[in-house]
Amino acid sequence: MISPVSPSVDRDLLIVAAVCLAVVLVALALAVLVGRWWLRVTDARRARLVASARPWLVQLVAGDDEDPVVVERLVAVDPRTWRALEPVTVAMLGKVRGEARTAVVGLLERRGSVERAMRGVHRRSAVVRARSAHLLGAVGGPGTTAQLVRLLGDRDLEVRAVAVRALGRLADPMSATALVHGLLRTPPLPHHLVMAALRQIGPAAVPPLLAAVDRADDLVRAQVAEALGLVGAVATAPVLVVMLRIDHSTEVRLRAARALGRIGAPVSVDDVIAATSAREPLALRVTAAEALGALGARRAVPVLADLVGDPVHWVAHTAAASLAAIRPDGVAALTRLAGRSGSAARHAQEALVAANAKRLLATVRP
Amino acid sequence: MTALDVISTVIVVANWFVLAYFLLLNTSYLGLILLAVREFRRHLRRRPYAGFDEAYTNPLTLGVSVVMPAHNEEATIVESVNAMLALRHPLFEVVVVDDGSTDGTFEVLRAHFGLVEVPRVVPDDVPTRGAITAVHAPPAAVPLVVVRKENGGKASANNTGINVAVQPLVCMVDADSLLDPDALLAVARPFGDDPEHVVATGGVVRAVNDSTVVAGRVTELRMPRTWLARTQVVEYLRAFLLGRSGWSALNALVVVSGAFGLFRRDVLVETGGLDVDTIGEDAELVVRLHRWLRDHRRHARVVFVPEPVAWTEVPESLRVLGRQRRRWSRGLAEVLWKHRRMIGNPAYGAVGTLALPFYVLFELLAPVVELFGLVALVVGLLLGAVDWAFAVLFFLVALGYGVALSLVALVVEEYSFHRYRGWRDLAVALVVAVVENIGYRQLTAVWRLRGLVDALRGGKAEWGRMTRVGFASAEPAGGPVPGSGPVTHPGEVVPDVR
Amino acid sequence: MTTVLVADDDADVRDVVVFKLEQSGYDVLVAEDGATALAMARDAMPDIAVLDVMMPRMTGLDVCRELRAAEATAAIPVILLTARAQESDVEGGFDWGADDYLTKPFSPRELVSRVRAVLARSRR
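Residue numbers (UniProt numbering), protein chains in the order written: chain C, 1 to 366; chain W, 1 to 498; chain H, 1 to 124.
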């Protein structure tokens, strides 16, 4: 009693489909099994190889004077073992300093790893380029900065990020300009990495940053302001003050305020105070209140004390926390406020307790 | 043409329809998995140079407030909090919100950390339910805040945590989830890589039943002992790890698990935090986030981070699992209904055109079609309207394809993260790939269908456990500020640069 | 013989420190996590402890605090190893009663001289 629209599935086709599916299922199951087997085998082999040579590496790192026997042992290990040991060696670089580090760098040079990395930055594989950049950043040495700066323009985002971090680790002033340029172009390099790298480089980063303060892009100016604060060049305070005063972008003004706080430039106190005015955007007011605490200027105390009574929670909260950081005047003002009633009193009490907890801790030291 | 003929015809058409449905469903999943594979490759390539050590010492790494709502967690809370405090991150605080616990949750915390009451002004940035009764902190330099409040439900407790949080990023975790040591740095990383656009990230959640956990850390991972939990391991792998990675690649991730999600605090405040009246509040939040961002012409991203991981205990009894799935299904229905305007709407990008229609078709309605398909097939066979060849075809497409997908998920896991190492675990996983599709899935379909019915009927059936207290908060303080809200470090965030 | 307790979850650091200290003539006890370190310190009463700050199962800071809290172990000098050069961390370390700290990356030779110096100070 088959109905007229009954599905007429071709049986042969069906069998073919079923067999195909079965084959796929078996193939997938095999793939999992082979994957697991391969993983276990390679893991075990790598562990064995590393274990065979690692004690020498530990001895090299910990040894008092570079023991020639140890170095020769490591230089002589077979290539297979070295391939397994190299990542361990590079990781070791990040954990020790002083002569221990020098010994490891020496080993990497003698094994040709550094040279290979210098070539590796030109390779087609992004993984190899990233690995090479990472190693160069850890080792340093002549020519590495130039290679890493070149990688800032790499087509692979990951490689660019590794290059930025590596340059930060080397902290070579020569790379400052290239890193600042990394902020300006599109798409930019990851900002937070560039900032961290510029901070590690320090004052050498100031001239290229100053050259970029009047870029048209708001975001770029904001980053530049932030970076100037991180580099901590007191001499740039007047530039930041101008940014805080007249820039049309809130973001830029806000970062300039924070940078001024970080630098701790006394000349900027009045302008930072002005930025806390109720006419200013909320985010700027909060940042400026925070910066006043970092600046620690007594002149700011009455202004901050007023702000503790501000109806906006985060303005009041930040102002109270900043007062607690200004000793002794700020703390005295907070104590007065805490004795009153209302929200200002509660903010003041909170800030006092938080500050007290910190100070108590400092005195508990045995 | 007899009545039987008509019925037969209908049955046959229905069967073909269901067949086509399954083909489409499984193929969509295959597509998501392939997208996920691409993401994983990128992720794994960058892993050796992820720069966690640098992020750890970088002063620009954004601070995170970890919000842990706790309701009657006396047995585990100290260990959970200790595990959170031991996470690797340069600047974070843990905010425990004791949501009107009736057991000793607070007492054990106070005893262990020596908590003392501290004055604290908590803003009304997002609405909450149930007033805060006290705020406590340890006397020493431990970054911990314990907030006690009247019971108001989990979403409300999370909102209280958001209000108390002082860092620019807020991480919402379940009190019983265990995080890998680098988990916080990893989920926070996209915010640093793309600060202008990333507003939320979601971490992977995996099942941890029967693995060795020492002091809040998973030290040895093993397959669970019960088949129900084992099945969920593979299910989580396929649906959560691979599925969500795929959606993330399409920039259409709409579900960030409440067990492990990280958000920009200012954006949470502007969008109003979690909805205290919705059941699937974690999904609702992310959908609303997408909606709000698009409505305000902000170009933003919600990113899924496939590794490291938050571990959670999955239900081991049918009763608990059934309740959970029923709730999920109901939550999903409510979220989709609430934001129905977005479904299929190109104004909402891939979320509107791809993700939400997918959720309607293949998540929400799947139990209906699945069960209907089974019934139609059985009836068709009984009536003789369809023959055995069709039945075989049906099983090949609906179930065989499904098993293949589960196996693909296992292959991907094996060649990417391979968290399980033993042979036994592998054998179990292979069996589960079959069980998940034949048996388990039909079982959950029943529960999901019931959840759907709950949603249609409305009311507060399953969720009535919480006693509700009236609103305790006013409108969020402070209007939207260009690019940032009232956070303590507002400048860390910048507006859309387009 | 002077006994040093070393606790660090990083095998590289641990092995280097142990090798260096043994080479310098100390008896060394090794722990891979904080809780074990604390138990060992209570059992074996080392003359000094070198603790990593970020360890599983208990941070070095917590171990230090626990040591200080009990009368028997309160006098054991502690040197902290920290990856963070952040001021608050160092401050925190002293708050818990640490005698000295070293930031990573560290110099093995410097570590030994610090151990020697702290021991000399505590014996006076």
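Where a beta carbon is used, it is the ideal one built from N, C-alpha and C, also for glycine.
- Residue contact check for H/SER107 against chain C: a CB pair falls below 8 Å.
- Restricting attention to H/GLU66, H/LEU80, H/THR36 and H/VAL50, the CA atom closest to the CA of H/ASP27 is found in H/VAL50.
- When the Cα atoms are used, W/PRO119 and W/VAL205 turn out to be separated by approximately 36 Å.
- Contacts with chain H at 8 Å (Cβ-Cβ) include W/TYR56.
- Apart from the 5 residues on each side of it in sequence, W/ALA14 sits with its Cβ closer than 6 Å to the Cβ of ALA376 in its chain, given in chain order.
- Looking from the CA of H/ASP10, the closest CA among H/ARG123, H/LEU119 and H/PRO105 belongs to H/PRO105.
- Spanning the alpha carbons of C/ALA91 and W/TYR49 requires a straight line of approximately 11 Å.
- In the DSSP assignment, W/GLU93 falls within the unbroken beta strand (DSSP E) covering 92 to 99.
- Residue environment for W/THR61: buried (at least 16 other C-beta atoms within 10 angstroms of its C-beta).
- Around the beta carbon of W/TRP247, 16 or more other beta carbons lie within 10 angstroms, which makes this residue buried.
- Of all residues in the region 93 to 105 of chain C, the ones placed with a Cβ closer than 9 Å to any Cβ belonging to chain H are LEU93, GLY94, LYS95, VAL96, ARG97, GLY98, GLU99, ALA100 and ARG101, in chain order.
- Inclusion of C/GLY137 and C/ARG169 in the CB contact set at 8 Å is warranted, their separation being smaller than that value.
- Residues of the region 38 to 66 of chain W that bring their beta carbon within less than 9 Å of a beta carbon in chain C comprise ARG42, ARG45, ARG46, PRO48, TYR49, GLY51, ASP53, GLU54, ALA55, THR57, ASN58, PRO59, LEU60, THR61 and LEU62, in sequence order.
- Against chain W, the CB of C/PRO266 has no partner CB under 8 Å away; the residue lies outside that interface.
- When DSSP states are grouped into helix, strand and coil, C/LYS95 belongs to the coil group.
- With 16 or more other CB atoms across the displayed protein chains lying within 10 angstroms of its CB, H/ARG65 is buried.
- Residue range 269 to 274 is occupied by the alpha helix (DSSP H) that includes C/ILE273.
- Between the alpha carbons of W/PRO346 and W/VAL403 lies a distance of about 34 Å.
- Taking the Cβ atoms as the reference, W/LEU405 lies roughly 43 Å from W/ASN163, outside the contact range of under 8 Å.
- Membership of C/THR250 in the alpha helix (DSSP H) is indicated by the continuous run 250 to 263.
- For W/VAL146, no alpha helix (DSSP H) segment is defined; the enclosing uninterrupted segment is the beta strand (DSSP E) at 144 to 149.
- Out of W/ALA75, W/GLU150, W/VAL213 and W/PHE52, the CA that lies nearest to the CA of W/LEU185 is found in W/PHE52.
- Distances from the CA of W/ASP125 to each of C/ALA325, C/SER341, C/ALA338 and C/TRP314 were compared; the closest alpha carbon is that of C/TRP314.
- 8 Å or more divides the Cβ of H/ILE76 from the Cβ of H/ALA37.
- Non-local C-beta neighbours of W/PRO69 in its own chain, meaning closer than 7 Å and more than five positions away in sequence, comprise VAL97, ASP99, LYS154, ALA157, ASN158, GLY161 and ALA175, ordered along the chain.
- C/PRO188 carries a coil assignment under DSSP once its states are collapsed to helix, strand and coil.
- Residues of the same chain with a CB within less than 8 Å of the CB of W/THR312, apart from the 5 flanking positions on each side, are ASP174, ASP176, SER177, LEU178, VAL205, ARG206, ALA207, VAL208 and ALA259 in chain order.
- Contiguous alpha helix (DSSP H) elements confined to the region 323 to 407 of chain W occur at 366 to 383 and 388 to 395, taking only those with 4 or more residues.
- Spanning the alpha carbons of W/VAL213 and W/PRO181 requires a straight line of approximately 13 Å.
- Taking 8 Å as the cut-off, the beta carbon of W/GLY202 is found closer than this to the beta carbon of W/LEU253.
- In this model, H/ILE79 and H/GLY97 are separated by some 10 Å (Cα to Cα).
- For W/GLU220, no alpha helix (DSSP H) segment is defined; the enclosing uninterrupted segment is the beta strand (DSSP E) at 217 to 220.
- Burial is judged here by how many other beta carbons sit within 10 angstroms of a residue's own beta carbon; C/ASP271 has at least 16 and is buried.
- Segment contact: the region 271 to 291 of chain W against the region 214 to 234 of chain W, fewer than three CB-CB distances shorter than 8 Å; contact not assigned.
- According to DSSP, residue pairing for W/PHE240 in a beta bridge does not occur.
- Spatial neighbours of W/THR105 in its own chain (CB-CB distance under 8 Å, excluding positions within 5 residues in sequence) are listed in chain order as ALA70, HIS71, ASN72, GLU73, GLU74, ILE77 and ASP98.
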